[in-house]
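What follows is one structure encoded as C-alpha cells, with my remarks underneath.
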C-alpha cells in the first residue's frame, strides 16, 4: 500500500474486489458514494460528487462522533455535564451540525481494493470532549465491503460510528417488495422524539418481527403505534454486546435475486425505511441497515457502554456481503 497526501475532498476513490464488487469512496465525509454488484447499483447515489458537500440525507456517509440520537443533546461523563447543539428537534443526531459526514478525511493508504482514511476530531468539536483520532479501513473482498473502525482518545468521550448507505437492490422507486430478515425480534420502542422508551420490547408476532423473511411493504402497511412514532421503521434492533462478529440481517430483491447480508460486531442495528428522504429520491425508496450502538446509550446505564477512555481502543466492524 502506498501512502498518499493532499487528497481532494471530492476525489472518487474506486475499490474493486477484482470480481463482482466495486465501490466508490469520497474522502469528504468518508462517504461510500456507490456500491455496484455485478455492475448493478446497490445504493441510492447521485452522479455529481458536489451533491455530497451538503448531502442532507447522509447518503453513504460515515456517521460520528455519535451515531443516532442523544436525548436533548445532554450527557454526563465522570461527573462532568456536557451540552451539544440540538440538530434534530431537541436532540443531537449523528454527531451534530458538523459531524464526521461533513469533514475531510485524510487518505493515508490506498490500493486497488482497500483505502485507509484518517480524521482527528479536536477536543470540544461539536461539544464532545477529548481529541479523538479515528482510522477507517474500507476493503472490497470476495463480494464483501468491509468497514473497520479504530479510535483512540486523550480524554473520556463518546464514540459510536456507523455507515448510512441507503440500499435498493433493484434500482426501483420503492423497497416494498424487498424481503427482509433480521436475526432478532427485540427492538427499542421510541417516543415522539425518537428516543428509546424502555430497555427493550419483544416484537415477536408483530410487524416488527422479521425473524422470517417478509416484504418490507407489508410490514409498513401494518397498524402499530410504533410505526406512527417513527413515521415508518426508524428503530434499533438489539443484539449481544460481546464485540463478536454476528449476522444481523439479510435483504433480498426477488426481482434481481441479489442478497445483502449485514454482519457486524456492534450491539445494535437501526432499521430505517428512508421515511424522510426527499428529492432527487422518494421517501421509502431504500432502506438503511445501520450497525451501531443503541440510541441515547450515553444516558442509560442499562445500555451498552458508549464512553471511550484514554487507555482504551475503540474497534468495530461492519460488513456488507453481496451474493446472487
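Residue numbers (our numbering): 1 to 324. We treat Cβ as the ideally placed atom computed from N, Cα and C, and that holds for glycine.
CB-CB length for residue i against residue j, believed under 8 Å
i: residue 317; j: residue 111; result: 19 Å between Cβ atoms; not a contact.
i: residue 113; j: residue 140; result: 5 Å
i: residue 162; j: residue 313; result: 18 Å between Cβ atoms; not a contact.
i: residue 206; j: residue 235; result: Contact doesn't hold; Cβ gap of about 12 Å is too wide.
i: residue 263; j: residue 247; result: 5 Å
i: residue 230; j: residue 190; result: 6 Å
i: residue 82; j: residue 29; result: With 8 Å as the limit, residue 82 and residue 29 do not qualify as a contact, their Cβ atoms being about 24 Å apart.
i: residue 35; j: residue 25; result: In fact, because the Cβ distance is near 10 Å, the residues do not count as touching under 8 Å.
i: residue 104; j: residue 215; result: Wrong, their Cβ atoms sit about 40 Å apart, outside the cutoff.
i: residue 88; j: residue 69; result: 6 Å
Opposing strand residues paired with residue i [DSSP bridges]
i: residue 135; result: 118, 150
i: residue 14; result: 24
i: residue 81; result: 76
i: residue 262; result: 249, 320
i: residue 244; result: In the DSSP output, where bridge partners are listed per residue, residue 244 has none listed.
i: residue 65; result: Note: residue 65 sits in no beta bridge, so no partner.
i: residue 140; result: 145
i: residue 88; result: 91
i: residue 299; result: Paired residues: none, contrary to the question.
i: residue 162; result: 63
i: residue 256; result: Per DSSP, none; premise fails for residue 256.
i: residue 157; result: 308
Three-state secondary structure assigned by DSSP to residue i
i: residue 102; result: helix
i: residue 177; result: coil
i: residue 226; result: helix
i: residue 309; result: coil
i: residue 289; result: strand
i: residue 187; result: strand
i: residue 196; result: strand
i: residue 44; result: coil
i: residue 201; result: strand
i: residue 59; result: coil
i: residue 169; result: coil
Burial state of residue i, where buried means 16 or more other Cβ atoms lie within 10 Å
i: residue 168; result: buried
i: residue 5; result: Since pLDDT at residue 5 reaches only 40, below the 50 mark, its modelled position is unreliable, and the value read off the structure follows with that caveat. The residue in question, residue 5, is exposed, as its Cβ has fewer than 16 Cβ neighbours within 10 Å.
i: residue 12; result: exposed
i: residue 77; result: buried
i: residue 267; result: buried
i: residue 221; result: exposed
i: residue 17; result: buried
i: residue 282; result: exposed
i: residue 278; result: exposed
i: residue 94; result: buried
i: residue 99; result: buried
i: residue 102; result: buried
i: residue 55; result: buried
i: residue 19; result: exposed
i: residue 197; result: exposed
i: residue 178; result: buried
i: residue 164; result: buried
i: residue 288; result: buried
i: residue 276; result: exposed
i: residue 124; result: exposed
Residue range of the alpha helix (DSSP H) that includes residue i
i: residue 219; result: 216-220
Range covered by the beta strand (DSSP E) that runs through residue i
i: residue 314; result: 314-323
i: residue 235; result: 234-238
i: residue 268; result: 268-272
i: residue 34; result: 31-37
Residue i beta carbon near the ligand HEM (any heavy atom closer than 8 Å)
i: residue 228; result: This structure lacks the ligand HEM; in fact it carries no ligand of any kind.
Any chain E beta carbon closer than 9 Å to residue i
i: residue 52; result: This model lacks chain E altogether; it includes just one protein chain.
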